[in-house]
Amino acid sequence: MRKINVLFMQSQTYYGADSMIHGLLMRYFNRERLNVHVACNPGTPAAPSASLKALSTIPDLQLRPVRFGVTLNERSKGAILKQTVTEGPPMLASLGGLVRYARQHQIDIIHGTEKPRDAFYGLLLARLCGARCIVHLHVKIEDWISPLTLWAMRHADGLLGVSDFVARSAVDFGYAADKTDYVLNSLDATGWDPNLDGRAVRQELGIADDVPTLAIVSRVFPWKGHTELLQSLAVVKKTNPMFKLLIVGEDDPRATPGGGSYIAQLQEMT
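Counting from 64, one number per residue, gives the positions in the sequence shown under this note's numbering.
Set out below in structure tokens:
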């Protein structure tokens, strides 16, 4: 029986939560049934790709470095135009090489996130090499999403949400229910040790053993719910002030409306 050949799209240099989930799929897909490939942005010598570093640790993964061109995130029109002029020809050559690679390896499925370059280039690649295209949805589908992504979703062979809620948001937005489904995210349980003693962290931060402690661990930007959490804890504090909250993560100005530090905004709330 011929194995299914699947190619993941990883156009981002950063390794976010959606990339991590796709990395788990790449790592644990059954190699007796599938050959797994990934087209990954290598970054630059001055700014190497965190995605390439992370995905390079996955055994039996065929990795193809690809230059995906300029990203639109937090960029001025002038900067986008300048970088497009300098990076356009190498990008086209790299994407052309990816088409040849996909044909050579008889890729059956192109699998990418709803990120614009993943979805748009993934669909074009699928059509050029005769593969099916799946757009994996990690967020609620609303009108802020890139028109390139919305167009790619319209023409993709399948939409896969990370939850029933996300899948229904795509259907509610007008996408076909018969090509939309969902699969819940999972985690690698081998990295979880329920017996780990957290007292060292409490001692480091000066938190007594009997003080209830909550933690939110993520990139720090508005859509992760930090503001709502602080507002809720302000209500709790009125009747039970004895608790601590740990906010763990890095500021992500790219994802903060208007830019700037979201941590600074949270500090003003406390």
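Built from N, CA and C at the ideal position, the CB exists for glycine as well. If you're wondering where the values come from, they're calculated on a predicted model, not measured in any experiment.
Supposed close pair Asp-171, Arg-195 - CB separation, criterion 8 Å: 7 Å
Identity of the residues DSSP links to Arg-195 by a beta bridge: Ile-172
Pick from Gly-254, Met-305, Asp-244 and Trp-255 that is closest to Asp-272, judged by C-alpha positions: Met-305
Buried versus exposed call for Ala-239 [16 or more other C-beta atoms within 10 Å across all chains shown]: exposed
Per DSSP, cross-strand counterpart(s) of Val-99: Val-69 and Leu-124
Alpha-carbon spacing of Met-155 relative to Gly-86, whole angstroms: Before going on, a small fix: residue 155 reads as Leu here, not Met. Rounded to whole angstroms, Leu-155 and Gly-86 show a C-alpha spacing of 26 Å.
Chain-order list of residues whose beta-carbon lies under 8 Å from that of Val-229 (same chain, five-residue window excluded): Annotation for Val-229: Leu-200, His-201, Val-202, Lys-203, Ile-204 and Tyr-245 place their beta carbon closer than 8 Å to its own, counting only its chain and skipping 5 residues before and after.
Residue ranges of each beta strand (DSSP E) within the segment 261 to 302, 3 or longer: 276 to 280
Completely contained beta strand (DSSP E) runs for the segment 191 to 237, where each covers 3 or more residues: 195 to 200 and 221 to 224
Neighbour-count burial assignment, Lys-178, 16 or more Cβ in a 10 Å radius: buried
Assigned exposure category for Gln-73 - 16 Cβ within 10 Å defines buried: buried
CB-CB length for Thr-243 against Leu-222, believed under 8 Å: 4 Å
DSSP-derived helix/strand/coil call for Leu-250: Reduced to three states, the DSSP call for Leu-250 is coil.
Beta-carbon proximity list for Asp-314, same chain, < 7 Å, skipping 5 on both sides: Excluding sequence neighbours, Asp-314 sits near Val-283, Ser-324, Tyr-325 and Ile-326.
Close beta carbons around Leu-329, own chain, < 8 Å, minus the five adjacent residues each side: Val-283, His-289, Thr-290, Leu-293 and Ile-310
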